[in-house]
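**Q** Numbering (the numbering used here), first residue to last: 959 to 1449.
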Ligand SMILES: Cc1ncc(COP(=O)(O)O)c(C=O)c1O
């Protein structure tokens, strides 16, 4: 059973059991849930607990109450549990990809556009804004000289100590001195690549992967090797082993926990094997752990770095997704590469803002972070279900979506008659922004896929944009557009 947080009450546990049965197809769309009294008896809970669980599932758009009749499973999206088999390597050429990324960024920046795929929570209530503002203002009042000081490497000891302390929740045993502060996770990834590769080297990445890695790698004159990645199990470890044995890659850059765009977390045994492989073959693994703290289940699955015996794993993360995107505070724990990386950081951007580092440190010390994470995990889990429910209702039949283990992004595969770059351009005409699959992979697998995100208030605008995306996808794919709830058959 998936249990959200140790503190979850009985009704949430029951709701999770039922949600899982719905996602796995044990409870089919359209089927009636057991009557409240019968459910209470079979789960040995009170009637009120069952009612609370059913209401919770109703809020998550997984079930619906029908007057005088009971509770029924709604049309839910089939889960994407196996990759679509595709020929590899029919790439969107580099220039086209760059133009596509620029168009996406322009639309994401435009205040009039409705975004349904930006991987950045879009409302101040996704962040502890008030508390951070209070701490930052109070620091500035108490220590105005903070902004008159030159920020020198290695940056705030207080923040590095807090980051090291918190890294224990992901199984990493670190000290403040092991941490290099960076300008977001993006700088951490770039520095890590610069430290461990030479121009012309090959870097193994997941397929699909975070789309900005492609321009990042090519800006450093590095070649990309895409490695097949399963929507639930993660990167194919046999393929990784072969590439390492044949010395065909000089580094690996992966997201083993809450991967962007698929959302999976690799099983712990796979993480252990991955760490063993890179240590054995002495090839650096850059672990992007940006969404690691947003896992839905506790205790959190440990980072691959947890199994890193000889220091070949470079862990990179930031607080841009959980606390304050604008502070741009990221960090890395670079194992055997730490001295080289600290030097590279100094010559590339010196250090992070002292004021913002100290404010973040004070926030982390104050103990509010865990509470904030707990609320966000529950909220994103609920919003993911709601978003999947909307997609089930409005997207063409045959559409499938991943079931993320955390965070707020997910991958949607549409029928092969829907070309998602065409869909993207059609949606731009209506000021709706999605990110098309070909940005995330050089293989054809992305041609019919979208990466969507649910870190928005579920207001009329968001619902309208999802509905329009589904309607246009139906039009492009030759399906009748759905305006009402439809039930999709689970595969
Ligand atoms: C997987 C992944 N890594 C890195 C980044 C960049 O993170 P930051 O904003 O902290 O630089 C992103 C941003 O969306 C991301 O999704």
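We treat Cβ as the ideally placed atom computed from N, Cα and C, and that holds for glycine.
Quick caveat, the model's predicted, so the values are computed rather than measured.
(1) Does residue 1048 pass the burial test, meaning 16 or more other C-beta atoms within 10 Å, or should it be called exposed?
(2) DSSP puts residue 1181 in a beta bridge; with which residues?
(3) Would you report the Cα separation of residue 1154 and residue 1299, rounded to the nearest angstrom?
(4) Would residue 1129 and residue 1275 qualify as a contact pair, given that the criterion is a beta-carbon distance under 8 angstroms?
(5) For the putative contact between residue 1015 and residue 984, defined by C-beta atoms under 8 angstroms, what is the C-beta separation to the nearest angstrom?
(6) Within 10 angstroms of the Cβ of residue 1264, are there 16 or more other Cβ atoms? Answer buried if so, exposed if not.
(7) Does the beta carbon of residue 1398 fall short of 7 angstroms from some heavy atom of ligand 1?
(8) Would you mind working out which of 1182, 1330, 1363 and 1280 sits nearest residue 1078, comparing C-alpha positions?
(9) Helix, strand or coil for residue 1047 per DSSP?
(10) Could you check what DSSP says for residue 1012 in three-state terms: helix, strand or coil?
(11) For residue 1317, name the three-state secondary structure that DSSP assigns.
(12) For residue 1246, is the beta carbon positioned less than 7 angstroms from some heavy atom of ligand 1?
(13) Looking only at DSSP bridge pairs, what is residue 1422 linked to?
(14) Taking just the CA atoms, how far does residue 1334 sit from residue 1132?
(15) Exposed or buried, residue 1105, counting other C-beta atoms within 10 Å across all chains shown (16 or more means buried)?
(16) Which class does residue 1241 belong to by DSSP, given the choice of helix, strand or coil?
(17) Under 6 angstroms Cβ to Cβ from residue 1350, same chain only, skipping five residues before and after it: list those, please.
(18) Is any heavy atom of ligand 1 found at a distance shorter than 7 angstroms from the C-beta of residue 1147?
(19) Could you compute how far the alpha carbon of residue 1086 sits from the alpha carbon of residue 1341?
(20) Write down every uninterrupted run of the alpha helix (DSSP H) in the region 1355 to 1428 whose length is 4 residues or greater and which is fully enclosed by it, in chain order.
(21) Give the DSSP-derived three-state secondary structure of residue 965 in the structure shown.
(22) Quickly, what does DSSP pair residue 1274 with across the bridge? List them, please.
(23) Comparing the CB of residue 1085 with every heavy atom of ligand 1, is any distance shorter than 7 angstroms?
(24) Just to confirm, is the Cβ distance from residue 1066 to residue 1076 under 8 angstroms?
(25) Taking a contact to mean a Cβ-Cβ separation below 8 angstroms, would you say residue 1437 touches residue 1354 in this structure?
(26) Who are residue 1125's beta bridge partners in DSSP?
(27) Using the C-alpha atoms, what's the distance from residue 1241 back to residue 1177?
(28) Would you say residue 1029 touches ligand 1, meaning its beta carbon is less than 7 angstroms from a heavy atom?
(29) Can you grab the Cα-Cα spacing for the pair residue 1247 / residue 1259, in whole Å?
(30) Whole angstroms is fine: what's the gap from residue 1115's alpha carbon to residue 1135's?
(31) To test your reading of the DSSP string, which unbroken alpha helix (DSSP H) runs of 4 or more residues are found completely within the region 1187 to 1248?
(32) Whose C-beta lies closer than 7 angstroms to the C-beta of residue 1314 among residues of the same chain, with five residues either side of it excluded?
(33) Excluding sequence positions up to five away, which residues of its chain have a Cβ less than 6 angstroms from the Cβ of residue 1399?
(34) Assign residue 1303 to one of two classes, buried (16 or more other C-beta atoms within 10 Å of its C-beta) or exposed (fewer than that).
(35) Mapping the DSSP letters down to three states, classify residue 1023 as helix, strand or coil.
(36) Taking 8 angstroms as the threshold, find out whether the region 1427 to 1434 comes into contact with the region 1210 to 1228 through three or more Cβ pairs.
**A** So, from the data block:
(1) Stepping through the chain shown from its first residue, residue 1048 is reached at position 90. In this predicted model, residue 1048 has a pLDDT of only 40, less than 50, meaning its place in the structure is not dependable enough to derive any value.
(2) By 1-based counting over the chain shown, the position of residue 1181 is 223. Answer is 1160, bridged to residue 1181.
(3) One-based indexing of the chain shown puts residue 1154 at position 196. One-based indexing of the chain shown puts residue 1299 at position 341. Near 9 angstroms, if we compare the C-alpha coordinates of residue 1299 and residue 1154.
(4) Here residue 1129 is taken as the residue at index 171 of the chain shown, counted from 1. Here residue 1275 is taken as the residue at index 317 of the chain shown, counted from 1. Here residue 1129 is not near residue 1275, since their CB atoms are 8 angstroms or more apart.
(5) Residue numbering aside, residue 1015 sits at position 57 when the chain shown is read from its first letter. Residue numbering aside, residue 984 sits at position 26 when the chain shown is read from its first letter. About 14 angstroms separates the two Cβ atoms, so there is no contact after all.
(6) Mapped onto the chain shown, residue 1264 falls at position 306. Burial call: buried.
(7) Walking along the chain shown from the start, residue 1398 turns up at place 440. Outside the cutoff, so no.
(8) Taking the chain shown and counting its residues from 1, the one referred to as residue 1078 is at position 120. Taking only the C-alpha atoms, the option nearest residue 1078 is 1280.
(9) Sequence index remark: in the chain shown, residue 1047 carries index 89 (1-based). Annotation note: pLDDT 42 at residue 1047 (below 50); position unreliable, no value reported.
(10) As a first step, residue 1012 is located in the chain shown; it is residue number 54 there, counting from the start. Looking at residue 1012 - three-state DSSP - the assignment turns out to be helix.
(11) Looking up residue 1317 in the chain shown gives position 359. The answer is helix: DSSP assigns residue 1317 an H, G or I state.
(12) Your numbering for residue 1246 matches position 288 in the chain shown. Yes, the Cβ of residue 1246 comes within 7 angstroms of a heavy atom of ligand 1.
(13) On the chain shown, residue 1422 is found 464 positions in, with the first residue counted as 1. Paired residues: none, contrary to the question.
(14) The sequence position of residue 1132 within the chain shown is 174, counting from 1. The sequence position of residue 1334 within the chain shown is 376, counting from 1. Taking the straight line from one Cα to the other gives about 26 angstroms.
(15) Residue mapping note: residue 1105 aligns to position 147 of the chain shown, counting from 1. Its Cβ having fewer than 16 others within 10 Å, residue 1105 is exposed.
(16) Your numbering for residue 1241 matches position 283 in the chain shown. Residue state, collapsed to three classes: coil.
(17) Counting from 1 along the chain shown, the entry for residue 1350 is found at position 392. Result list for residue 1350: 1033, 1034, 1035 and 1446, in chain order.
(18) The count along the chain shown starts at 1 and reaches residue 1147 at position 189. Yes - ligand 1 has a heavy atom lying nearer than 7 angstroms to the Cβ of residue 1147.
(19) On the chain shown, residue 1086 is found 128 positions in, with the first residue counted as 1. On the chain shown, residue 1341 is found 383 positions in, with the first residue counted as 1. Put simply, the backbone Cα of residue 1086 is about 19 angstroms away from that of residue 1341.
(20) 1378 to 1386
(21) Indexing the chain shown from 1 puts residue 965 at position 7. Note on residue 965: pLDDT 41, under 50, position unreliable in the model; no value is reported.
(22) The residue given as residue 1274 occupies position 316 in the chain shown. Note: residue 1274 sits in a beta bridge opposite 1246 and 1290.
(23) The residue given as residue 1085 occupies position 127 in the chain shown. No; taking the cut-off as 7 angstroms, the Cβ of residue 1085 has no heavy atom of ligand 1 nearer than that.
(24) The residue given as residue 1066 occupies position 108 in the chain shown. The residue given as residue 1076 occupies position 118 in the chain shown. Yes, they are a contact pair.
(25) As a working mapping, residue 1437 is identified with position 479 in the chain shown. As a working mapping, residue 1354 is identified with position 396 in the chain shown. Against a cut-off of 8 angstroms, the Cβ pair of residue 1354 and residue 1437 comes out as a contact.
(26) Sequence index remark: in the chain shown, residue 1125 carries index 167 (1-based). BP columns for residue 1125 are empty, so no partner.
(27) As a position in the chain shown, residue 1177 is number 219, starting the count at 1. As a position in the chain shown, residue 1241 is number 283, starting the count at 1. Going by the C-alpha atoms only, they are around 21 angstroms apart.
(28) As a working note, residue 1029 is residue 71 in the chain shown. No, Cβ of residue 1029 sits at least 7 angstroms from all heavy atoms of ligand 1.
(29) If you number the chain shown from 1, residue 1247 lands on position 289. If you number the chain shown from 1, residue 1259 lands on position 301. Distance between the alpha carbons of residue 1247 and residue 1259 is about 11 angstroms.
(30) For the purposes of this step, residue 1115 is identified with residue 157 of the chain shown, where counting begins at 1. For the purposes of this step, residue 1135 is identified with residue 177 of the chain shown, where counting begins at 1. Rounded to the nearest angstrom, the two C-alpha atoms are 8 angstroms apart.
(31) 1195 to 1203 and 1226 to 1239
(32) For this step, residue 1314 is matched to residue 356 along the chain shown. Result list for residue 1314: 1285 and 1287, in chain order.
(33) Position 441 of the chain shown holds residue 1399. Here the set comprises 1165 and 1166.
(34) Your numbering for residue 1303 matches position 345 in the chain shown. Result: buried.
(35) In the chain shown, residue 1023 corresponds to position 65, counting from 1. Strand at residue 1023.
(36) no
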